[in-house]
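Undergrad:
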Amino acid sequence: MTASNESQDTPPRFRPRPWIHLETPQDVELWIAEHDQAMQDLIKPQETGYGVKFTLAEGGDIYLQTGEDAIVLDVEPDAAWIAPLITAATGAEPPPGQYWLLPADRLVQLVIGLSSLVASTTLVVGHRFGSHGRRITY
Numbered sequence: 086m087t088a089s090n091e092s093q094d095t096p097p098r099f100r101p102r103p104w105i106h107l108e109t110p111q112d113v114e115l116w117i118a119e120h121d122q123a124m125q126d127l128i129k130p131q132e133t134g135y136g137v138k139f140t141l142a143e144g145g146d147i148y149l150q151t152g153e154d155a156i157v158l159d160v161e162p163d164a165a166w167i168a169p170l171i172t173a174a175t176g177a178e179p180p181p182g183q184y185w186l187l188p189a190d191r192l193v194q195l196v197i198g199l200s201s202l203v204a205s206t207t208l209v210v211g212h213r214f215g216s217h218g219r220r221i222t223y
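Position in the sequence shown (first residue = 1) + 85 = this note's numbering.
(1) With a threshold of 8 Å on Cβ separation, who are the neighbours of E161 within its own chain once the five nearest residues in sequence on each side are excluded?
(2) Taking 8 Å as the cut-off, decide whether the C-beta atoms of A118 and I156 are in contact.
(3) Determine the contact status of K138 and T206, defining contact as a CB-CB distance below 8 Å.
(4) In terms of residue numbering, what span does the beta strand (DSSP E) encompassing L149 cover?
(5) For a test of the three-state rule: what should DSSP assign to D159, helix, strand or coil?
(6) Using DSSP with H/G/I as helix, E/B as strand and the rest coil, what is S200?
(7) Using DSSP bridges, identify the partner residues of L186.
(8) If you measure between the beta carbons of L141 and I197, is that distance less than 8 Å?
(9) Quick one: what's got a C-beta closer than 8 Å to W116's C-beta in the same chain, skipping five residues either side?
(10) Give me the residue from G152, R102 and S200 with the minimum Cα distance to L186.
(11) Going by DSSP in three states, T133 sits in which element: helix, strand or coil?
(12) I105 to L199, Cα distance in whole Å?
(13) Does R30 come out as helix, strand or coil in the three-state DSSP assignment?
(14) Could you tell me which residues DSSP pairs with V209 in its beta bridges?
(15) Could you check which residue in E143, V210 and R191 has the C-alpha nearest to that of D154?
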């Protein structure tokens with residue numbers, strides 16, 4: 086068996102979770118706390134490129150990584166249609182590429198804005214968040 090066959094036979098480490106529409110800041114805060122706990126429990130300290138993948142119901146993926154001072158979004162080309170909503174929810178101007186750098190205090194507004202458009206979320210590791218990929222710290 087080759088290495089590529091082994092990787093195809095190995096189930097994915099993290100599975101998509103169906104999205105439940107979040108309507109209030111309290112709903113989002115609870116979601117954030119649950120995902121933070123899952124990352125602390127499941128992601129190894131040496132791993133980089135960790136975050137959450139939002140699969141949009143109308144097509145495309147957005148990868149989100151948070152830090153104490155910033156939110157990094159990787160908006161895949163097939164999800165570029167969501168840029169006006171990100172701008173409306175956060176007040177940020179669209180970047181020249183697919184990587185958005187937002188103030189950390191905009192996370193609740195961002196998730197509320199995206200909520201009605203998300204189909205599922207998946208924890209990810211090893212994603213390239215541009216030059217902003219970082220290791221998990223506890």
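Every residue gets a Cβ at the ideal spot worked out from N, C-alpha and C, and that includes glycine.
TA: A quick look at the data gives this:
(1) Looking up residue 161 in the sequence shown gives position 76. Excluding sequence neighbours, E161 sits near G145, D146, I147, Y148 and Q183.
(2) What you label residue 118 is simply residue 33 of the sequence shown in a count that begins at 1. What you label residue 156 is simply residue 71 of the sequence shown in a count that begins at 1. If you check the CB distance, A118 and I156 do not come in under 8 Å.
(3) In the sequence shown, residue 138 corresponds to position 53, counting from 1. In the sequence shown, residue 206 corresponds to position 121, counting from 1. Pairing K138 with T206 gives a Cβ-Cβ distance under 8 Å.
(4) The sequence position of residue 149 within the sequence shown is 64, counting from 1. D146 to T151 is the extent of the beta strand (DSSP E) around L149.
(5) Position 74 of the sequence shown, counted from the start, is the residue given in the question as residue 159. In the structure shown, the three-state DSSP call for D159 is strand.
(6) Taking the first residue of the sequence shown as 1, we reach residue 200 at position 115. Helix at S200.
(7) Taking the sequence shown and counting its residues from 1, the one referred to as residue 186 is at position 101. Note: L186 sits in a beta bridge opposite V157.
(8) Residue numbering aside, residue 141 sits at position 56 when the sequence shown is read from its first letter. Residue numbering aside, residue 197 sits at position 112 when the sequence shown is read from its first letter. Going by beta carbons, L141 and I197 fall outside the 8 Å limit.
(9) Along the sequence shown, one-based indexing puts residue 116 at 31. Answer for W116: L107 and V196, listed in chain order.
(10) As a working note, residue 186 is residue 101 in the sequence shown. Of the candidates G152, R102 and S200, the one whose C-alpha sits nearest the C-alpha of L186 is G152.
(11) Within the sequence shown, the letter at position 48 stands for residue 133. Looking at T133 - three-state DSSP - the assignment turns out to be strand.
(12) As a working note, residue 105 is residue 20 in the sequence shown. As a working note, residue 199 is residue 114 in the sequence shown. Cα to Cα, I105 sits roughly 12 Å from L199.
(13) What the structure shows of the chain is the stretch from 86 to 223, and residue 30 is not part of that stretch, so it cannot be assessed.
(14) Residue 209 sits at position 124 when you count from the first residue of the sequence shown. In DSSP, V209 forms a bridge with G136.
(15) To locate residue 154, count along the sequence shown from 1; it is residue 69. Looking at the Cα atoms, R191 is the closest of the given residues.
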